[in-house]
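Enquirer: Please see the structure below; I have some questions.
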Amino acid sequence: MTGPLYTAMESKLTAAFKPSKLVIVDESNQHAGHAGVADAPSPETHFNITIVSDEFKGKISVQRHRSVYKVLDDEFKKGLHALSLKTLTMEEFQKAN
Numbered sequence: 041m042t043g044p045l046y047t048a049m050e051s052k053l054t055a056a057f058k059p060s061k062l063v064i065v066d067e068s069n070q071h072a073g074h075a076g077v078a079d080a081p082s083p084e085t086h087f088n089i090t091i092v093s094d095e096f097k098g099k100i101s102v103q104r105h106r107s108v109y110k111v112l113d114d115e116f117k118k119g120l121h122a123l124s125l126k127t128l129t130m131e132e133f134q135k136a137n
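Add 40 to a position in the sequence shown, counting from 1, and you land on the number used in this note's numbering.
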């Protein structure tokens, strides 16, 4: 079952990056009781996200991650606490798989 933060992230990331592949895994249950989570306004706090998009061409990892964080700024304000990101171009994805 997906919650509202998951749904919002999926929609925003799809619109912003037009990904060939988008995998979002909610890992919030693995962080229950951790500092900063107990008081979070949402139970959805930690996600692992893989985005494969040619929108990342010519950008280094830090630039890619910053662009994702910018797109998800509202979600951080609503309780998103942490992301584990893998941001790849299609060429990078194909070489890795």
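From the three backbone atoms N, C-alpha and C, an ideal C-beta is built for every residue, glycine too.
Cα separation between D66 and V92?
Expert: Whole-angstrom Cα-Cα distance: 18 Å.
Enquirer: In or out: P59 buried (at least 16 other Cβ within 10 Å) or exposed?
Expert: P59 is buried by the Cβ-count criterion.
Enquirer: Helix, strand or coil: which one does DSSP assign to K61?
Expert: Strand at K61.
Enquirer: Which term fits E131, buried or exposed, when burial requires 16 or more other beta carbons within 10 angstroms of its beta carbon?
Expert: Exposed is the call here.
Enquirer: Can you tell me where the beta strand (DSSP E) with H86 in it begins and where it stops?
Expert: From DSSP, the beta strand (DSSP E) with H86 extends over H86 to V92.
Enquirer: Under 8 Å by Cβ, that's how I've got M49 and E95 pegged, so tell me the actual separation to the nearest angstrom.
Expert: Rounded, the Cβ-Cβ distance is 16 Å, inconsistent with contact.
Enquirer: Run through DSSP, which three-state label would T54 get?
Expert: Residue state, collapsed to three classes: helix.
Enquirer: From T129 to P44, what distance separates their C-alpha atoms?
Expert: Answer to the nearest angstrom: the Cα atoms are 27 Å apart.
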